[in-house]
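If you're matching them up, the sequences are chains E and L in order. For the first sequence, counting from 1, position 243 maps to 241 in my numbering; every step adds exactly one. For the second sequence, counting from 1, position 356 maps to 354 in my numbering; every step adds exactly one. We put the CB at the ideal spot given by N, CA and C, even for glycine. Reviewing the structure listed below.
Number of protein chains: 2
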Amino acid sequence: MSMDIDQANQTAVNRMMEARPILKAVATARDVIPGMKDNLFLHAGPPIEWARMSGPLRGAIIGAMLFEGIAKSEAEATPMVERGEVEFDSCHHHGTVGPMAGVTSASMKVYVVENAEHGNKSFSNLNEGYGKVLRYGAFSDDVLKKLHWMNNVLGTALADALAQSNGIDLRALIAEALHMGDEGHNRNKAGSLIYLKLISPLIAKVVKDNAAESEVLQFIGDNALSVLNPVMAACKAMTDAAHGVEGSTIVTTMARNGTDFGIRVSGLGEKQWFTAPAEIPVGLFFSGFSQDDANPDIGDSAITETAGIGGFAMATAPAIVTFVGGTPKDAVNATLEMYEITFAESKYFTMPVLDFRGTPTGIDLRKVVELGIAPRINTGIAHKNAGVGQVGAGLVRPPLKIFEDALLAFAEKYNI
Amino acid sequence: MSMDIDQANQTAVNRMMEARPILKAVATARDVIPGMKDNLFLHAGPPIEWARMSGPLRGAIIGAMLFEGIAKSEAEATPMVERGEVEFDSCHHHGTVGPMAGVTSASMKVYVVENAEHGNKSFSNLNEGYGKVLRYGAFSDDVLKKLHWMNNVLGTALADALAQSNGIDLRALIAEALHMGDEGHNRNKAGSLIYLKLISPLIAKVVKDNAAESEVLQFIGDNALSVLNPVMAACKAMTDAAHGVEGSTIVTTMARNGTDFGIRVSGLGEKQWFTAPAEIPVGLFFSGFSQDDANPDIGDSAITETAGIGGFAMATAPAIVTFVGGTPKDAVNATLEMYEITFAESKYFTMPVLDFRGTPTGIDLRKVVELGIAPRINTGIAHKNAGVGQVGAGLVRPPLKIFEDALLAFAEKYNI
């Protein structure tokens, strides 16, 4: 059986690496996300009911209900949820990924990414930047005002701009950014500027109003996370392409909802999650905050590590240690450790500082369990209470137990 | 005396590091460059007469004469030069620097950089991008057409855009780019994108025509050398601030005109050059070209190494080896070697991969001569014939002799 697993894993990892995610469009969620409905709120991580949701996820859902006009206040929103008037589902069940709370609702504009190699599509919302933002559970008036501007002005500009082009090759963008000190998860400075470079001449063509255009370019350029969401959608398109390969032990999803950490595995079921309580990240905190303020790990952004970048590519992003802690040597060691638990080295994502070695790609369930080494994830840290926002950034690992559970389920399914 | 020299060098290097070059404006050379005249053609490197000029420098001068409308063809231009109807001078004598041939004429738009700390100004022309370009001695119709577009459309857009702002802090820009895999001389990918990020919202405000604006943004974004010229002017403002410190052995200029390599020293005269024949760079050649096609080292761009970046900061730019040859380890070693011949470590330009150590800053004549280690310079390679263009990129060192000559002159002046 071992030989067959290796072969299946090779197939899965090849599909992951050969996927060619192209940013094709920006469109309204209800028009493009499969199964999207007006009262459906998608969230990051494995499925979870309201009662078990953490503060930032609840806050983001309340904010999205206000944004949609379904409720007028938190006081109105919460009982509606408790009466079951809105539905929840995991973003991942709808080809979607979102950073932190990842809440995506029907009226929101989303990026549409198409895998030109295998045809599958993926989606992600627009990035709000730093500070008080919905994805960290904030839902004050200024948060909502910004979301409306993003949907109406920024989103429309991006949609019209992309309609002028054949799309943006996100695999090429990520590869270039990894040569410019990004790791693609917590550091997307270079990638966001490459995105600006590619989109700004298109925006100039379609936005007639000079002041609005200036604001749009300023917003994209000032936000060092502008490209995070398209990059996450690219990683989702890649990992989805690797899912469903019979007999493969490659992990195709790692995601957190702020309460549970969940993974899915290529050779197991489409909605078969293995979950355990999410850990609290360790890292550097913004002034005035400490570890006590931190919510457990949250967000779909671990899709980047699942696809072989982010924490797995830290070696190429030594400047990130000013943000997440540690030394450049630690960053190199993080990447080196990840080769222990991965099946392949990326053909397309290389790291100059390691003599252009490919990033560790395709987490192999068997290796994680055998070596007791859990994947490393770079992540933002949310305040545990709704409405506060980001309090820091750092590193986290998923609980080993979910890999053990998944391997047991794998052994059972395949009678090993 | 040695103690006094150290003190003088500390003063010179402090002035170099504390200089705060701000990109203030784009303006027409004749209106801003001190001593600029209609029949004056500034060139890179130490002063040189027509008879000794190399192919690419001659080509660039002919091109600039055509651009100015002084001559209608090469056949008309050359005899005019030989009759002494035009004048030449070193860019450096006019606060100016230009990459490769560096030819700057009266009608050309130039960047204006002001050192907010010490008040001195510096200038550089606009970057033409890759391919057949004036700075490599090409002067065909398409080269001239592009120059006119740059002057009229791009230059005007940049001038109007900068007039909307308080200027762009180039020291901050360089510092950030060094954390994004640039070394600031041969690799300016990140810096050029940071420049685009800062300038594009301003351009959006002032350019009314959507098609023209789109072209301008595309040109800036597509040219990974867009920011090279402002960066060179920044380094010129820094090194000029360090010039003229009595008793200092710090090198304040390294520049090449395609025939001679020249240096100037802080404690010696303003126009006191030490020169020797320039070497031919060793590196990687574009398809169809070889070492035999290469012109000797040319350009003012070695001002970057003089200011502590470029070849001196290669450690932070491992991806550059795909362009200039060698391995990432060689790049680290290049930087480490430069600490041997420099007086200080930069307070502002740091390299994450070396645990955020400051770049080697302030070449000390004494150390170069004592150790026999010449500075390392990253550089483009020009074809030796006029009109061809760039044929590769690589590494070069100045002849040791000019440092020995300078040290002798220094000893003589100061009676050591």
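task = Compare the beta carbon distance of residue 121/L and residue 229/L with 8 angstroms and say whether it is the shorter of the two.
result = Counting from one through the second sequence, the residue named residue 121/L turns up at place 123. Counting from one through the second sequence, the residue named residue 229/L turns up at place 231. No; because the gap between Cβ atoms is not below 8 angstroms, this pair is not in contact.
C-alpha distance - residue 329/L paired with residue 313/L, whole-angstrom precision = Numbered from its first residue, the second sequence carries residue 329/L at position 331. Numbered from its first residue, the second sequence carries residue 313/L at position 315. One alpha carbon belongs to residue 329/L, the other to residue 313/L, and they sit about 5 angstroms apart.
key: DSSP beta-bridge partners of residue 340/L   = As a working mapping, residue 340/L is identified with position 342 in the second sequence. Answer is 361/L, bridged to residue 340/L.
ask   = In chain E, which residues lie less than 7 angstroms from residue 35/L when you measure between Cβ atoms?
value = Here the question's residue 35/L lines up with position 37 in the second sequence. Simply none; closest approach about 38 angstroms.
ask   = residue 236/E lies in the alpha helix (DSSP H); which residues open and close that run?
value = Position 238 of the first sequence, counted from the start, is the residue given in the question as residue 236/E. Unbroken alpha helix (DSSP H) run through residue 236/E: 226 to 240.
Proximity of residue 132/L and residue 101/L at Cβ, strictly below 8 angstroms = Counting from one through the second sequence, the residue named residue 132/L turns up at place 134. Counting from one through the second sequence, the residue named residue 101/L turns up at place 103. Residue 132/L places its beta carbon less than 8 angstroms from that of residue 101/L.
query = Between which two residues does the alpha helix (DSSP H) carrying residue 248/E extend?
reply = What you label residue 248/E is simply residue 250 of the first sequence in a count that begins at 1. Residue 248/E -> no alpha helix (DSSP H), and no H or E assigned at all.
ask   = When the cut-off is 8 angstroms and only beta carbons count, does residue 368/E lie next to chain L?
value = In the first sequence, residue 368/E corresponds to position 370, counting from 1. Residue 368/E does not count as touching chain L.
key: Chain-order list of residues whose beta-carbon lies under 7 angstroms from that of residue 114/L (same chain, five-residue window excluded)   = In the second sequence, counting from the first residue as 1, residue 114/L sits at position 116. Short of 7 angstroms from the beta carbon of residue 114/L, and not among the five residues preceding or following it, lie these beta carbons of its own chain, in chain order: 18, 20.
task = Find the residues of chain E that neighbour residue 215/L, judging by a C-beta separation of less than 7 angstroms, and give them in chain order.
result = Looking up residue 215/L in the second sequence gives position 217. Correct list: 198, 199, 202.
ask   = Going by beta carbon distance, what residues of the same chain come within less than 6 angstroms of residue 277/L, once the five residues before and after it are set aside?
value = The count along the second sequence starts at 1 and reaches residue 277/L at position 279. Result list for residue 277/L: 295, 394, in chain order.
ask   = For the alpha helix (DSSP H) that residue 157/E lies in, which residues bound it at each end?
value = Start at 1 with the first residue of the first sequence, and residue 157/E comes out as number 159. From DSSP, the alpha helix (DSSP H) with residue 157/E extends over 153 to 161.
message = Determine whether the beta carbon atoms of residue 107/L and residue 25/L lie at a separation below 8 angstroms.
response = Here the question's residue 107/L lines up with position 109 in the second sequence. Here the question's residue 25/L lines up with position 27 in the second sequence. Yes, Cβ-Cβ distance for residue 107/L and residue 25/L is below 8 angstroms.
task = Could you spell out where the alpha helix (DSSP H) holding residue 139/E opens and where it closes?
result = As a position in the first sequence, residue 139/E is number 141, starting the count at 1. DSSP places residue 139/E inside the alpha helix (DSSP H), whose first and last residues are 139 to 147.
task = Could you work out which residues of chain L lie near residue 124/E, taking near to mean beta carbons separated by less than 9 angstroms?
result = In the first sequence, residue 124/E corresponds to position 126, counting from 1. Think of a sphere of 9 angstroms around the beta carbon of residue 124/E: no beta carbon from chain L falls inside it, the nearest being about 18 angstroms out.
task = Please confirm if residue 212/L has its CB atom under 8 angstroms from at least one CB of chain E.
result = Residue 212/L sits at position 214 when you count from the first residue of the second sequence. So yes, residue 212/L belongs to the interface.
task = Using a Cβ cut-off of 8 angstroms (strictly closer), state whether residue 331/L contacts chain E.
result = As a working mapping, residue 331/L is identified with position 333 in the second sequence. At a cut-off of 8 angstroms between beta-carbon atoms, residue 331/L makes no contact with chain E.
request  = Let me know if residue 70/E comes out buried or exposed under the rule of 16 or more other beta-carbons within 10 Å of its beta-carbon.
outcome  = As a first step, residue 70/E must be located in the first sequence, where it is residue number 72. Result: exposed.
ask   = What residues are listed by DSSP as bridge partners for residue 373/E?
value = Within the first sequence, residue 373/E is the residue found at index 375, counting from 1. Answer by DSSP bridge pairing: none, since residue 373/E is not bridged.
ask   = If we count the other Cβ atoms within 10 Å of its Cβ and call it buried at 16 or more, is residue 50/E buried or exposed?
value = Here the question's residue 50/E lines up with position 52 in the first sequence. Counting Cβ neighbours within 10 Å, residue 50/E comes out exposed, since fewer than 16 surround it.
ask   = So, helix, strand or coil for residue 187/E, using DSSP?
value = As a first step, residue 187/E is located in the first sequence; it is residue number 189 there, counting from the start. Annotated three-state conformation of residue 187/E is helix, per DSSP.
message = Measuring only the C-alpha atoms, how far is residue 346/E from residue 235/E?
response = Position 348 of the first sequence, counting from 1, holds the residue named residue 346/E. Position 237 of the first sequence, counting from 1, holds the residue named residue 235/E. Those two C-alpha atoms are separated by around 15 angstroms.
query = At a CB-CB cut-off below 8 angstroms, which residues of chain E make contact with residue 179/L?
reply = To locate residue 179/L, count along the second sequence from 1; it is residue 181. Per Cβ cutoff of 8 angstroms: 177, 178, 179, 188, 350.
key: Rounded distance between the beta-carbons of residue 135/L and residue 58/L, thought under 8 angstroms   = Position 60 of the second sequence, counted from the start, is the residue given in the question as residue 58/L. Position 137 of the second sequence, counted from the start, is the residue given in the question as residue 135/L. About 5 angstroms separates the two Cβ atoms, so the contact holds.
Three-way DSSP call (helix, strand, coil) for residue 346/E in this model = Within the first sequence, the letter at position 348 stands for residue 346/E. In the three-state reduction of the DSSP assignment, residue 346/E falls in the strand class, which pools E and B.
message = Counting only Cβ pairs nearer than 8 angstroms, list the residues of chain E close to residue 219/L.
response = Residue mapping note: residue 219/L aligns to position 221 of the second sequence, counting from 1. Neighbours of residue 219/L on chain E, chain order: 194, 195, 196, 198, 199.
Any non-hydrogen atom of the ligand MG within 7 angstroms of residue 60/L CB = Here there are no bound small molecules, and the ligand MG is not part of this structure.
message = Determine whether the beta carbon atoms of residue 218/L and residue 197/L lie at a separation below 8 angstroms.
response = Start at 1 with the first residue of the second sequence, and residue 218/L comes out as number 220. Start at 1 with the first residue of the second sequence, and residue 197/L comes out as number 199. Judged by their CB atoms, residue 218/L and residue 197/L are nearer to each other than the 8 angstroms cut-off.
key: Residue-level contact to chain E via CB, residue 420/L, 8 angstroms cutoff   = Residue 420/L is absent from the structure shown; chain L starts at -1 and stops at 414.
inquiry  = I want to see whether chain E comes within less than 8 angstroms of residue 326/L, judged by CB atoms only; does it?
reply    = Position 328 of the second sequence, counted from the first residue, corresponds to residue 326/L. True, the Cβ-Cβ gap to chain E drops below 8 angstroms.
query = Is it right to say residue 164/L is buried, meaning 16 or more other beta carbons lie within 10 angstroms of its own, or is it exposed?
reply = Walking along the second sequence from the start, residue 164/L turns up at place 166. Exposed, by the Cβ-count rule.
message = Could you check whether the segment 297 to 315 of chain L touches the segment 330 to 340 of chain L, counting it as contact only if at least three pairs of C-beta atoms, one from each stretch, sit closer than 8 angstroms?
response = Contact between the segment 297 to 315 of chain L and the segment 330 to 340 of chain L is present, because at least three Cβ pairs lie under 8 angstroms.
ask   = When the Cα of residue 308/E is compared with those of 268/E, 392/E, 145/E, 36/E, which residue comes out closest?
value = Translated into positions along the first sequence, residue 308/E becomes position 310. For residue 308/E, the nearest C-alpha among the options comes from 392/E.
key: Under 9 angstroms from the C-beta of residue 353/L: neighbouring residues of chain E   = Here the question's residue 353/L lines up with position 355 in the second sequence. By Cβ distance, chain E contributes 316, 325, 326, 327.
message = Nearest by alpha-carbon distance to residue 96/L: which of 302/L, 289/L, 369/L is it?
response = By 1-based counting over the second sequence, the position of residue 96/L is 98. It is 302/L.
ask   = What are the start and end residues of the alpha helix (DSSP H) that includes residue 61/L?
value = Along the second sequence, read from residue 1 onward, the residue named residue 61/L stands at position 63. From DSSP, the alpha helix (DSSP H) with residue 61/L extends over 53 to 66.
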